[in-house]
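Contents: one structure, followed by commentary.
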Amino acid sequence: MSDDGSGGHYYWCTRHHRVETDADVCPAKHVLGPYASAADAENALQKVQERNEAWDAEDARWAGEGR
Numbered sequence: 159m160s161d162d163g164s165g166g167h168y169y170w171c172t173r174h175h176r177v178e179t180d181a182d183v184c185p186a187k188h189v190l191g192p193y194a195s196a197a198d199a200e201n202a203l204q205k206v207q208e209r210n211e212a213w214d215a216e217d218a219r220w221a222g223e224g225r
């Protein structure tokens, strides 16, 4: 699928490992999004990993402050 500028939403389907649009999106339990572009949806798992790493680092910092 490509970002055709139609103004719709894009989702990353964790079940099918592909970008989906409003027209063909799987149930919410299987998708991340919505995203404004197909490229953003394709990078969804990377963004999730980056955020998890940042939150883990923040948790570790907080745990160290309490001692």
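In terms of my numbering, the numbers along the sequence shown are unbroken and rise by one, the last being 225. We put the beta carbon where it would ideally sit given N, CA and C, even for glycine.
First through last residue of the beta strand (DSSP E) which encompasses residue i
i: Thr172; result: Taken as a continuous stretch (DSSP letters only), Thr172 belongs to no beta strand (DSSP E), as it is neither H nor E.
i: Gly166; result: Segment: none, Gly166 is in no beta strand (DSSP E) and carries neither H nor E.
i: Val177; result: 176 to 179
i: Pro192; result: 189 to 193
Where the alpha helix (DSSP H) containing residue i begins and where it ends
i: Asp196; result: Checking the sequence, you will find Ala at residue 196 rather than Asp. Segment 196 to 200, the alpha helix (DSSP H) holding Ala196.
Residue i burial status per 10 Å Cβ neighbour count (16 or more: buried)
i: Val189; result: buried
i: Ala202; result: buried
Assigned secondary structure, residue i (DSSP; H/G/I helix, E/B strand, else coil)
i: Met159; result: Unreliable placement is indicated for Met159, whose pLDDT of 44 sits below 50; the coordinate value is still reported in the next sentence. If DSSP states are grouped into helix, strand and coil, Met159 belongs with coil.
Beta-carbon gap between residue i and residue j smaller than 7 Å
i: Ala212; j: Val177; result: no
i: Val183; j: Tyr169; result: yes
Residue nearest to residue i in terms of C-alpha spacing, selected from the options
i: Gly191; options: Asn210, Ala215, Gly166; result: Gly166
i: Ser195; options: Trp220, Gln207, Arg173, Asp180; result: Asp180
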